[in-house]
Each structure stands twice: as C-alpha cells, then as structure tokens.
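Have a look at the structure below before the remarks.
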Amino acid sequence: MVHIISTINLKGGVGKTQTTIALSEILANNYNKKVLIIDLDPQTNATVSLMDETKWLEMDKKGNTIFQLFSDKVYNTELFNINNSIVKNVSNVNSGIKNLDLLPSSLRLIDIQDKLPLVSNSGYFIKTPITILKEALNETIKNYDYVMIDCPPNLGLITLSGIYISDYYLIPTVPDILSTYGIPQILSRIENFKIDANIDIKPLGIIISMFRSNNRLHNSIIDSLKYKERKADYPRIFNTYIPLSIKISEAAEFNSRVNTLGQKYGYDLYNKYDELTKEIMSYVE
Ligand SMILES: Nc1ncnc2c1ncn2[C@@H]1O[C@H](COP(=O)(O)OP(=O)(O)OP(=O)(O)O)[C@@H](O)[C@H]1O
Ligand SMILES: [Mg+2]
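Here the sequence shown stands for residues 1 to 285, numbered as in my numbering.
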C-alpha cells in the first residue's frame, strides 16, 4: 500500500525541502522502498538539488514537469504525460539512488498558480482544481511505497491539490517563536479542508529542525510544544530532532557528487535523519 506524505509549514525556510529529500533518500536507499518525490514548489529547490539542471530545463521546455499538468487545465490542452515527466533514480548520491524518483517542479508554476482559480469558473471545467494532481497520478502512485510531496510555504490551490491526495502531513519547524507561530493555523486550515473536501488526511507529527541543543530558547520552545502535545492541541513531536548543521548547504548542491548518504550529510546528521525515518515508518506501516 502506498503512503502519501506532504511536508508543509506556512513559514518559509524551516527545512521542509531538506527533510523531504533526506527522508526520501533514506527510505529508498536504506529501507528498499520505492519512493516518488513530487516537487510542488515553484522555487524548485527539491528539483534542482536532486537532478541535473540542464536536463531539468530541457524537460521543462518540453512540458515534462508539473507545470504542464496545471497549465493543461488552465488552457484546455492535453500535453502533460506523466510517464515522460518522472525522472528515475535521482539524487547526487552514488550517481542516483535506485527506486528514488522525482516529478519535477518548474519556475513557471508560479504564473499558472495565479490562473488556477479560473479553472473552477470556466465553462470547460465543472470540477475544482484541487483534484488535478489526483487524476494525473491515480495509476502511477500504485507503483510506489511512499510518495513524498514537498510543498511551498502556503496553502494555495497547488498545495491543496497535494494535500488532497495525502494520507499524512509532516510539519517541520525550527523551535523558535516565529517558526512555530503558524502551527495552529496549519492544523486548523487542513482540518477545515479535510471536512470540506471529504478526505482522510492526518497530521503525522511535528519535526524539530535546525535544533541547537545549547540554545535556551530552542529548548524552552520545545517544552511548550510538548505541553501542547500532551494536551492534544498539537500532534506528536517526533523524538528525533534534526540538528543545525553547517555541512548541509553543500549537501543540497547537485553537482557535489558523493558516494554515500553519510558523506552527503555528515554522519551525525545522517544518523538523525535515519532515526527520524524509522520513527515515521513505525507510525505509518
Ligand atoms: N538541519 C539543517 N542545518 C542547517 N541548515 C539547514 C538544515 N536544514 C535545512 N537547512 C538549510 O536551510 C535552508 C532552508 O531549508 P529548506 O530549503 O529545506 O527549507 P524550506 O522550509 O523548504 O524553505 P521554503 O519555505 O523556502 O521552501 C536551506 O538553505 C537548507 O540547506
Ligand atoms: Mg522548500
């Protein structure tokens, strides 16, 4: 059975993309899972850190990215082909990780996002744009054990189309005031969407990201998150915290080729991502 997990936070720069990538790499590499990453973010960060930029730009020009899927609905064309748009064995580790696939994003997604509300109003489409991703992926996702969706820091229509197909969502957050501020809003907005759209998504948990163990504020924010977890106001806080690491900006560089995930992340960080992956599998499987 496929498990579909979105990574979301309304705050930017909290580690959503990095977490999605590392968990996906580890699921495929260490646990032999078939994994598809869907990059729904027009910033294309997951895409460019997982595949060759020249190849991606060519694919985008030919309409073989997620842009084309949404563009088809706006302009009433049928150019998107899912099989031509999935890149197999991505990542800068070991010239690509077996069973780790990517549906790339596009910078052009930002323009199409603004036009999507027109889809619901246009004469051609009686349905909402929310179902676009589901319809395109219905068959394809059956080939995977995990589909990991990297969302932009908003709950716009494109993000909602990913939430619509998700079984779970993860909330990475830096344990500081501004990053955690929007958590209640994510929880309540997804809860409302769940009711409106009649879907069954659940929060899988909050991931502490860029944690500094010697930082007093980080520790006190975590205490307050745990208090809300105990009161059942918040979903579980995963036991594994992802530390702040200086090595990671290199890791996101596709052209810095490495042989192992340990080399890519440095062993401390890699071990944390592995522990977190095991925690996630224990709840999902
Ligand atoms: N554990 C970490 N330690 C240090 N830097 C990190 C860590 N995780 C992520 N980063 C860096 O922080 C920046 C933001 O991370 P990332 O892109 O994953 O966040 P995001 O939540 O996806 O951002 P956005 O909202 O823009 O999509 C990136 O430069 C990334 O390399
Ligand atoms: Mg991101």
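Here a beta-carbon is modelled for each residue, glycine too, at the ideal position from N, C-alpha and C.
TODO: Check whether the Cβ of glutamine 43 lies closer than 7 Å to any heavy atom of ligand 2, and answer yes or no.
DONE: Numbered from 1 along the sequence shown, position 43 holds the residue referred to as residue 43. Yes - ligand 2 has a heavy atom lying nearer than 7 Å to the Cβ of glutamine 43.
Task: Three-state secondary structure assigned by DSSP to leucine 36 - done: As a first step, residue 36 is located in the sequence shown; it is residue number 36 there, counting from the start. The three-state reading of DSSP puts leucine 36 in strand, counting E and B together.
Task: Alpha carbon of isoleucine 280 to alpha carbon of isoleucine 171, nearest angstrom - done: Taking the first residue of the sequence shown as position 1, residue 280 is located at position 280. Taking the first residue of the sequence shown as position 1, residue 171 is located at position 171. Distance between the alpha carbons of isoleucine 280 and isoleucine 171 is about 12 Å.
Open item on the list: DSSP has histidine 218 in a bridge; who is on the other side?
Closed with: Here the question's residue 218 lines up with position 218 in the sequence shown. Per DSSP, histidine 218 has no beta bridge partner at all.
Task: Contact test: threonine 17 Cβ vs ligand 2 heavy atom, cutoff 7 Å - done: To locate residue 17, count along the sequence shown from 1; it is residue 17. Yes, ligand 2 has a heavy atom inside 7 Å of this Cβ.
Task: Opening and closing residue of the beta strand (DSSP E) in which aspartate 52 lies - done: Your numbering for residue 52 matches position 52 in the sequence shown. Where aspartate 52 is concerned, there is no enclosing beta strand (DSSP E), given that its DSSP letter is neither H nor E.
Task: Sheet register partners of phenylalanine 254 (DSSP bridge) - done: Position 254 of the sequence shown, counted from the first residue, corresponds to residue 254. DSSP, once it has assigned bridges, lists no residue as partnering phenylalanine 254.
Task: Per-residue burial, threonine 19 [other beta carbons within 10 Å of its own, 16 or more giving buried] - done: Along the sequence shown, one-based indexing puts residue 19 at 19. So threonine 19 ends up on the buried side.
Open item on the list: Assuming the contact rule is C-beta atoms closer than 8 Å, threonine 173 and valine 14 should be a hit. Round their C-beta distance to whole Å, please.
Closed with: Counting from 1 along the sequence shown, the entry for residue 173 is found at position 173. Counting from 1 along the sequence shown, the entry for residue 14 is found at position 14. Confirmed, about 5 Å.
- [ ] Please confirm whether leucine 40 and isoleucine 186 have their CB atoms less than 8 Å apart.
- [x] Reading the sequence shown from its first residue, position 40 is the one you call residue 40. Reading the sequence shown from its first residue, position 186 is the one you call residue 186. No, the Cβ-Cβ distance between leucine 40 and isoleucine 186 is not below 8 Å.
TODO: Return the chain-ordered list of same chain residues with a C-beta closer than 7 Å to the C-beta of leucine 217, the five sequence neighbours on each side being excluded.
DONE: As a working note, residue 217 is residue 217 in the sequence shown. For leucine 217, where only same-chain residues beyond five positions count, the Cβ hits under 7 Å are Asp176.
Task: Sub-8 Å separation of valine 35 and valine 74 beta-carbons - done: Taking the first residue of the sequence shown as position 1, residue 35 is located at position 35. Taking the first residue of the sequence shown as position 1, residue 74 is located at position 74. Taking 8 Å as the Cβ cut-off, valine 35 and valine 74 do not qualify as a contacting pair.
- [ ] Following the continuous alpha helix (DSSP H) through aspartate 274, name the residue where it begins and the one where it ends.
- [x] Looking up residue 274 in the sequence shown gives position 274. Element bounds for aspartate 274: 267-284.
TODO: With hydrogens ignored, establish whether the beta-carbon of alanine 252 is closer than 7 Å to any heavy atom of ligand 1.
DONE: Within the sequence shown, numbered from 1, the residue matching residue 252 stands at position 252. Yes, ligand 1 has a heavy atom inside 7 Å of this Cβ.
Open item on the list: Starting from serine 71, trace the beta strand (DSSP E) in both directions and tell me its first and last residue.
Closed with: Taking the sequence shown and counting its residues from 1, the one referred to as residue 71 is at position 71. From DSSP, serine 71 is part of no beta strand (DSSP E) but of the alpha helix (DSSP H) over 66-75.
Task: Distance, valine 147 Cα to leucine 107 Cα - done: Counting from 1 along the sequence shown, the entry for residue 107 is found at position 107. Counting from 1 along the sequence shown, the entry for residue 147 is found at position 147. For leucine 107 and valine 147, the distance between alpha carbons rounds to 22 Å.
Task: Under the three-state DSSP convention, the category tyrosine 241 falls into - done: Residue numbering aside, residue 241 sits at position 241 when the sequence shown is read from its first letter. Coil, per DSSP.
Task: Identity of the residue in Asp167, Asn81 and Pro184 nearest glutamate 139 by Cα - done: Taking the sequence shown and counting its residues from 1, one reaches residue 139 at position 139. When only C-alpha atoms are compared, the closest one is Asn81.
Open item on the list: Starting from threonine 7, trace the beta strand (DSSP E) in both directions and tell me its first and last residue.
Closed with: Numbered from its first residue, the sequence shown carries residue 7 at position 7. It spans 3-7 - the beta strand (DSSP E) in which threonine 7 sits, taken as one unbroken run.
Open item on the list: Within the continuous alpha helix (DSSP H) that includes glycine 162, where are the two ends?
Closed with: Here residue 162 refers to the residue found at position 162 when the sequence shown is read from its first residue. Taken as a continuous stretch (DSSP letters only), the alpha helix (DSSP H) holding glycine 162 covers 157-165.
- [ ] On a CA-only basis, which of Asp274, Tyr144, Pro152 and Ser166 is nearest leucine 133? Give me that one, please.
- [x] Along the sequence shown, one-based indexing puts residue 133 at 133. That would be Ser166, whose Cα lies nearest to the Cα of leucine 133.
- [ ] Please name the residue, chosen from Thr17, Ser49 and Ser85, that lies closest to alanine 252 on a Cα-to-Cα basis.
- [x] The residue labelled residue 252 in the question sits at position 252 within the sequence shown. Cα-wise, what sits closest to alanine 252 is Ser49.
- [ ] Please say whether leucine 79 and leucine 116 have beta carbons closer to each other than 8 Å?
- [x] Indexing the sequence shown from 1 puts residue 116 at position 116. Indexing the sequence shown from 1 puts residue 79 at position 79. Cβ distance not < 8 Å, so leucine 116 and leucine 79 don't count as in contact.
Task: Closest residue to aspartate 274 among Asp145, Ile222, Ile97 and Ser24 (Cα-Cα distance) - done: Against the sequence shown, residue 274 aligns to sequence position 274. Minimum Cα distance to aspartate 274 is reached at Ser24.
- [ ] Tell me where the alpha helix (DSSP H) around leucine 137 begins and ends.
- [x] In the sequence shown, counting from the first residue as 1, residue 137 sits at position 137. 132-137 is the span of the alpha helix (DSSP H), which, as asked, contains leucine 137.
Open item on the list: As a quick exercise: from Thr131, Ile86 and Pro153, pick the residue whose alpha carbon is nearest that of isoleucine 199.
Closed with: In the sequence shown, the residue the question calls residue 199 occupies position 199. Comparing Cα positions, the closest option is Thr131.
TODO: Check whether the Cβ atoms of isoleucine 8 and cysteine 151 sit closer than 8 Å, and answer yes or no.
DONE: As a first step, residue 8 must be located in the sequence shown, where it is residue number 8. As a first step, residue 151 must be located in the sequence shown, where it is residue number 151. In this structure, the beta-carbon distance from isoleucine 8 to cysteine 151 falls below 8 Å.
Open item on the list: Please report the distance separating the alpha-carbon of asparagine 30 from that of glycine 96.
Closed with: The count along the sequence shown starts at 1 and reaches residue 30 at position 30. The count along the sequence shown starts at 1 and reaches residue 96 at position 96. The alpha-carbon atoms of asparagine 30 and glycine 96 are separated by roughly 14 Å.
TODO: Specify, as a first and last residue, the run of the alpha helix (DSSP H) that leucine 79 falls within.
DONE: As a first step, residue 79 is located in the sequence shown; it is residue number 79 there, counting from the start. Looking at the DSSP string, leucine 79 is not in any alpha helix (DSSP H), and its letter there is neither H nor E.
TODO: On a CA-only basis, which of Lys142, Val93, Lys272 and Tyr168 is nearest phenylalanine 211? Give me that one, please.
DONE: Reading the sequence shown from its first residue, position 211 is the one you call residue 211. Nearest of Lys142, Val93, Lys272 and Tyr168 to phenylalanine 211, Cα basis: Lys272.
Task: valine 87 - DSSP class collapsed to helix/strand/coil - done: Taking the first residue of the sequence shown as 1, we reach residue 87 at position 87. Looking at valine 87 - three-state DSSP - the assignment turns out to be strand.
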